[in-house]
Amino acid sequence: MDSFDEVLAAVQDYCKARVTAPAYSVFFQRLELDPNFDGAHVNIITRAEFIRTSLVSRYMSLLREAFSAVLGFEVEVNITVEAPAAPAPVPDAVSQTILPGAGQGNLGNYAFTFENFIVGPNNKFAHAAALAVAANPSGAYNPLFIYGSSGLGKTHLEIAIRLEIQKNHPEFNILYVDGEAFTNEIITAIRNNATAEFHQKYRQADVLLVDDIQFIGGKDSTQEEFFHTFNNIYEAGHQIVITSDRPPIEMSLLDDRLVSRFQGGLMADIQPPDIETRMVITRAKAAQLGLILDDDAVTCIAEKITTNVRTIEGVINRLTAYREILDSRIDAADVMRAIKDVARIGTFIPSPQLIIRESARYFSLSEEDLRGQNRSKNTATARQISMYLVRTLTNLPLKDIGAEYGDRNHSTVLSSIRKVEELIKEDPKFAATVRDITSNINSV
Ligand code: ADP
Ligand code: MG
């Protein structure tokens, strides 16, 4: 063994054979060794505090064992944190997305960087694709289309790409928009005859990141404008990254030309994490908050919360709050209570107003159109769908639903709901429309 690199590589191999793949990729893959070795102490450098904490609390004996196997003698192991050079500043425009709970002392305070993204079998392809694009924007993978259900890290990866490109190319004009804001911007531009300005703004993008593109489905004029914007950026050889809650082919109302453009790039899905990855995520998030969870607590969380990383974070935030209140060790009962709390708060019941707004938006109408008397076919359909959704999503009495629509009586509401139920059965395209609107409501 004549170089530190070789020692480190051998130590990493030793550990790799003894921990799970996700744990290896988070905690061991990116370690560095301080070259000042005095023969008795090795100094390992990590890039994040939560990695250091986890190595110290869980893997210290493994590391000692590894060094002693590789070097042939015992050494003391120290672990320190060295922040990556020039940590990327959090840009204002996206600070809301990056810091959803800023100031509340919870997990909302950490940045959506690659460093903080935990790789498992469920997301490793999307992660690798995101890294490749971040390292070489406008390279071979254009557009990159990342899809998966809510809370699985799509926005996290998209922002990580943004931060990485910003760090390497401060001169780049990077535009990040979410699909809803983008759609509204296009609609406003069309309404104000200002599409030229809109094109001008987007044509200058070196990188365009669109989060939650599914919001664009169905609105013809919006899709038309987006198609032109997309082509301009694409043909200029600039990078486009898109996320969605479903693959392009399942976006029923997406223009065929856009579907084939999206499919012509690189598509990467994110699946829910498996139990091992959930355990690594739970440990890492707890470590970030300085919360010590024993193995039973970690297993309990990872077994109960299976489909959404955001929910895992919710439980850990909750436990942190208990710790502050109770000033005690977290036990199994605390974990169960946190899970119940989050499940209760997490059952999202949208307001009738939100449902009406989203239904109207889908058909490029206003809320007043739906609440008012206009009987054009488009408006009537949007209104009926919204009534059906208010009923199914909130279970409000028919009378109260009628009151939301300028005091229509309950039999009008009922016949609208029946109509929608029939159409859903008869017409797959109509059923897809209702599904899309529901999904938009749930992702607001
Ligand atoms: P989506 O955009 O897919 O709905 P987000 O990217 O907003 O999901 O992720 C929800 C939360 O879960 C965020 O706080 C994010 O940091 C976290 N998260 C999701 N996946 C991972 C992961 N693999 N490693 C670390 N954190 C993750
Ligand atoms: Mg998101």
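Going by our numbering, the first residue of the sequence shown is number 186, and it counts up by one from there.
Every residue, glycine too, gets a C-beta built ideally from N, C-alpha and C.
Legend entry - Test item, CB below 5 Å from any non-hydrogen atom of the ligand ADP: Spelled out in chain order, the answer is F302, I303, S335, G336, L337, G338, K339, T340, H341, V494, R495.
Inset, instruction - Please state if the CB of E410 and the CB of I371 are separated by a distance shorter than 7 Å. - result: For I371 and E410, yes; Cβs fall inside 7 Å.
Legend entry - Cutoff 8 Å; reference C200; Cβ partners in own chain excluding five residues on either side: Excluding positions up to five away in sequence, the list reads Y209, F213, Y244, L247, L248, A251.
Legend entry - Beta-bridge partners of Q424, as assigned by DSSP: In the DSSP output, where bridge partners are listed per residue, Q424 has V392.
Inset, instruction - Would you check if the distance between the CB atom of T238 and the CB atom of A487 is smaller than 7 Å? - result: No, they are not a contact pair.
Inset, instruction - Compute the Euclidean distance between the alpha carbons of L394 and I586, then round it to the nearest angstrom. - result: Their backbone Cα atoms lie some 38 Å apart in a straight line.
Inset, instruction - Helix, strand or coil for A453, going by three-state DSSP, please let me know. - result: In this structure, A453 counts as strand in the three-state DSSP scheme.
Legend entry - Span of the beta strand (DSSP E) around N377: From DSSP, N377 is part of no beta strand (DSSP E); its letter is neither H nor E.
Inset, instruction - Would you kindly work out how many angstroms separate the C-alpha atoms of E606 and Y573, rounded to a whole number? - result: CA-CA distance, E606 to Y573, rounds to 8 Å.
Inset, instruction - Please report how far the alpha carbon of R463 lies from the alpha carbon of E382, in whole angstroms. - result: One alpha carbon belongs to R463, the other to E382, and they sit about 45 Å apart.
Legend entry - Run of the beta strand (DSSP E) containing L599, from where it starts to where it stops: Per DSSP, L599 belongs to no beta strand (DSSP E); it is in the alpha helix (DSSP H), 595–611.
Inset, instruction - Check whether the Cβ atoms of E349 and A390 sit closer than 7 Å, and answer yes or no. - result: No, the Cβ-Cβ distance between E349 and A390 is not below 7 Å.
Legend entry - Of the residues N369, T373, N358, G403, the one placed nearest Y387, counting alpha carbons only: Its Cα nearest to that of Y387, the residue N358 stands out among N369, T373, N358, G403.
Legend entry - Alpha-carbon to alpha-carbon, E356 and E611: Rounded to whole angstroms, the gap between the alpha carbons of E611 and E356 is 54 Å.
Legend entry - Residue nearest to N577 in terms of C-alpha spacing, selected from T564, T597, R546, I602: The displayed chain sequence assigns Thr, not Asn, to residue 577. The shortest CA-to-CA distance from T577 to any of T564, T597, R546, I602 is the one to I602.
Inset, instruction - Classify D198 as buried or exposed, calling it buried when 16 or more other Cβ atoms lie within 10 Å of its own Cβ. - result: Around the Cβ of D198, a 10 Å sphere holds fewer than 16 other Cβ atoms; the residue is exposed.
Inset, instruction - Report buried or exposed for K470, applying the criterion of at least 16 other Cβ atoms within 10 angstroms of its Cβ. - result: Residue burial is scored here from C-beta neighbours: K470 has at least 16 other C-beta atoms within 10 angstroms and is therefore classed as buried.
Legend entry - Residue burial classification, F367 (beta-carbon count within 10 angstroms, cutoff 16): Counting Cβ neighbours within 10 Å, F367 comes out buried, since at least 16 surround it.
Inset, instruction - Would you decide whether G475 is buried or exposed? Buried here means 16 or more other CB atoms lie within 10 Å of its CB. - result: It is exposed - the Cβ of G475 has fewer than 16 other Cβ atoms within 10 Å.
Inset, instruction - State the DSSP-derived secondary structure class of L583, mapped to helix, strand or coil. - result: In the structure shown, the three-state DSSP call for L583 is helix.
Legend entry - alpha helix (DSSP H) segment containing Y199, residue limits: Taken as a continuous stretch (DSSP letters only), the alpha helix (DSSP H) holding Y199 covers 189–201.
Legend entry - Endpoints, the alpha helix (DSSP H) within which L247 is located: First-last of the alpha helix (DSSP H) with L247: 245–256.
Legend entry - Proximity to V192 [Cα-Cα], best of V211, H384, L218, A202: It is L218 whose Cα lies nearest to the Cα of V192.
Legend entry - Local conformation of E217 per DSSP, three classes: Under the three-state reduction of DSSP output, E217 falls in the strand class.
Inset, instruction - Give me the Cα-Cα distance between T597 and Q538, rounded to the nearest whole angstrom. - result: As the crow flies, the alpha-carbon of T597 is around 19 Å from that of Q538.
Inset, instruction - Identify the continuous beta strand (DSSP E) that holds N353 and give its terminal residues. - result: Where N353 is concerned, there is no enclosing beta strand (DSSP E), although the alpha helix (DSSP H) it sits in stretches over 339–353.
Inset, instruction - Can you give me the start and stop residues for the alpha helix (DSSP H) that I541 sits inside? - result: For I541, the enclosing alpha helix (DSSP H) starts and ends at 537–547.
Inset, instruction - Helix, strand or coil for L329, going by three-state DSSP, please let me know. - result: Under the three-state reduction of DSSP, L329 is assigned to strand.
Legend entry - Distance between V426 and Q558 (C-alpha atoms, nearest Å): Using only the alpha carbons, I get a separation of about 41 Å.
Inset, instruction - Return helix, strand or coil for I510, following the three-state DSSP convention. - result: In this structure, I510 counts as helix in the three-state DSSP scheme.
Inset, instruction - Starting from L478, follow the beta strand (DSSP E) in both directions and report where the run begins and ends. - result: In the DSSP annotation of this structure, L478 is not part of any beta strand (DSSP E), being labelled neither H nor E.
Inset, instruction - Have a look at D396 and S335 and give me their C-alpha separation to the nearest angstrom. - result: Going by the C-alpha atoms only, they are around 12 Å apart.
Inset, instruction - Output the distance between the C-alpha atoms of L583 and E365, rounded to the nearest integer angstrom. - result: Inter-residue distance for L583 and E365 is about 30 Å (C-alpha atoms, whole angstroms).
Inset, instruction - If I'm right that F297 touches A225 with Cβ under 8 Å, what's the distance once you round it to whole angstroms? - result: F297 to A225, Cβ: 40 Å. No contact.
Inset, instruction - Measure the C-alpha to C-alpha separation of H413 and L337 and round it to an integer number of angstroms. - result: Roughly 30 Å between the two C-alpha positions.
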